[in-house]
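Mapped onto my numbering, the consecutive letters of the sequence shown carry residue numbers 60 to 245.
Note that the Cβ used here is the ideal one computed from N, Cα and C, for glycine as well.
Just so it is clear, the structure is predicted and the values come from calculations on it, not from any experiment.
The next block holds one structure in the form of structure tokens; read it before the comments.
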Amino acid sequence: MYVTPDEKFPLERVVAVLHPFQRIIAYNLLWRDDVHGSWIPRTIATDQEIVWVGYDRNNTPTDVWTYWHGFILHTPWMRRQVAINVQWGKHGSMPRGLNLNDLPPTRSLKFYYGATIFGLPDILLGDLTRSGPFCFCHTYGEYLNYSVPIKVSERINVVVREENPEETLRAVFGPYSRKPFWPVGF
60 MYVTPDEKFP
70 LERVVAVLHP
80 FQRIIAYNLL
90 WRDDVHGSWI
100 PRTIATDQEI
110 VWVGYDRNNT
120 PTDVWTYWHG
130 FILHTPWMRR
140 QVAINVQWGK
150 HGSMPRGLNL
160 NDLPPTRSLK
170 FYYGATIFGL
180 PDILLGDLTR
190 SGPFCFCHTY
200 GEYLNYSVPI
210 KVSERINVVV
220 REENPEETLR
230 AVFGPYSRKP
240 FWPVGF
């Protein structure tokens with residue numbers, strides 16, 4: 060997984076969930092916080108994201124799905140190490156090498172980069188209630204600079220084999236966002 064050099068919220072916990080009947084693993088990622096909306100009362104001071112990896116009978120990756128702001132992105136993965144880019148501050152996950160024009164138009168990286176500028180009051184209000192970044196004070200090119208690797212395999216806290224990991228996720232994450240356990244069709 061790759062983040063930008065300016066990412067302020069660390070990856071705190073990872074739960075790997077193996078589906079008991081299908082060849083797919085869900086990597087549930089818990090980041091310390093989300094850059095937007097932190098000031099809203101009763102928001103959860105974490106940010107849960109998910110990456111799913113499908114694999115064949117040789118345990119070789121064949122497909123990658125990622126949760127991207129209410130959408131599930133999918134790409135075939137050609138039998139190599141899975142690599143994921145993680146968006147600054149919001150932690151939307153996308154397969155590395157994804158054509159950015161394939162992102163949903165209302166959820167484009169240009170839109171979210173603009174939100175770091177026009178949403179600055181939101182970021183600053185969040186800083187009043189929880190520690191976070193002051194701004195993303197860089198260019199759009201730097202917003203796309205996913206150059207800092209995070210070895211997810213070294214960060215896994217729990218591995219389980221469950222179809223419904225709700226209880227495990229609650230035990231490891233505490234309050235969390237409750238995103239889909241599996242991509243559509245699983």
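* To do: Using only alpha-carbon positions, find the residue among Leu88, Arg229, Ser236, Val218 that is nearest to Pro79.
  => In the sequence shown, residue 79 corresponds to position 20, counting from 1. Relative to Pro79, the option among Leu88, Arg229, Ser236, Val218 whose CA is nearest is Val218.
Which value, in whole angstroms, describes the spacing of the CA atoms of Val73 and Val112?
Within the sequence shown, the letter at position 14 stands for residue 73. Within the sequence shown, the letter at position 53 stands for residue 112. A straight line joining the alpha-carbon of Val73 with that of Val112 spans about 14 Å.
Q) Looking at C-alpha atoms only, which residue of His197, Ile83, Leu88 is the closest neighbour of Glu213? A) As a working mapping, residue 213 is identified with position 154 in the sequence shown. The residue with the shortest Cα to Cα distance from Glu213 is Leu88.
Q: Starting from Glu201, trace the alpha helix (DSSP H) both ways and give me its first and last residue.
A: Walking along the sequence shown from the start, residue 201 turns up at place 142. Counted as a single uninterrupted DSSP element, the alpha helix (DSSP H) harbouring Glu201 occupies residues 199-202.
- Task: Using the DSSP secondary-structure output, state which residues sit across from Val83 in a beta bridge.
- Result: If you number the sequence shown from 1, residue 83 lands on position 24. Note that residue 83 is Ile in the sequence shown here, rather than Val. DSSP output for Ile83 lists Gly113 as bridge partner(s).
Item to check | Sub-8 Å separation of Met60 and Val123 beta-carbons | outcome: On the sequence shown, position 1 is the one that residue 60 refers to. On the sequence shown, position 64 is the one that residue 123 refers to. Cβ atoms of Met60 and Val123: not closer than 8 Å.
Pairing CB atoms from the region 172-179 with CB atoms from the region 220-239, are three or more of them under 8 Å? Touching, no, given that fewer than three Cβ pairs across the two stretches are closer than 8 Å.
query = Hey, would you say Val141 sits closer than 8 Å to Pro163, going by beta carbons?
reply = Along the sequence shown, read from residue 1 onward, the residue named residue 141 stands at position 82. Along the sequence shown, read from residue 1 onward, the residue named residue 163 stands at position 104. For the 8 Å CB-CB criterion, Val141 and Pro163 do not form a contact.
| message | Here's the rule: buried if 16 or more other CB atoms are within 10 angstroms of the residue's CB, otherwise exposed. What is Met153? | response | Here residue 153 refers to the residue found at position 94 when the sequence shown is read from its first residue. Around the beta carbon of Met153, a 10 Å sphere encloses 16 or more other beta carbons of the protein chains shown; the residue is thus reported as buried.
For Asn223, the residue or residues it bridges with in DSSP: Looking up residue 223 in the sequence shown gives position 164. None, per the DSSP bridge assignment.
- Task: List the residues that DSSP assigns as beta-bridge partners of Ala75.
- Result: Within the sequence shown, numbered from 1, the residue matching residue 75 stands at position 16. Residue pairing for Ala75: DSSP places it in a beta bridge opposite Tyr86, Val218.
Limits of the beta strand (DSSP E) - the one that Leu132 falls within: If you number the sequence shown from 1, residue 132 lands on position 73. For Leu132, the enclosing beta strand (DSSP E) covers residues 130-135.
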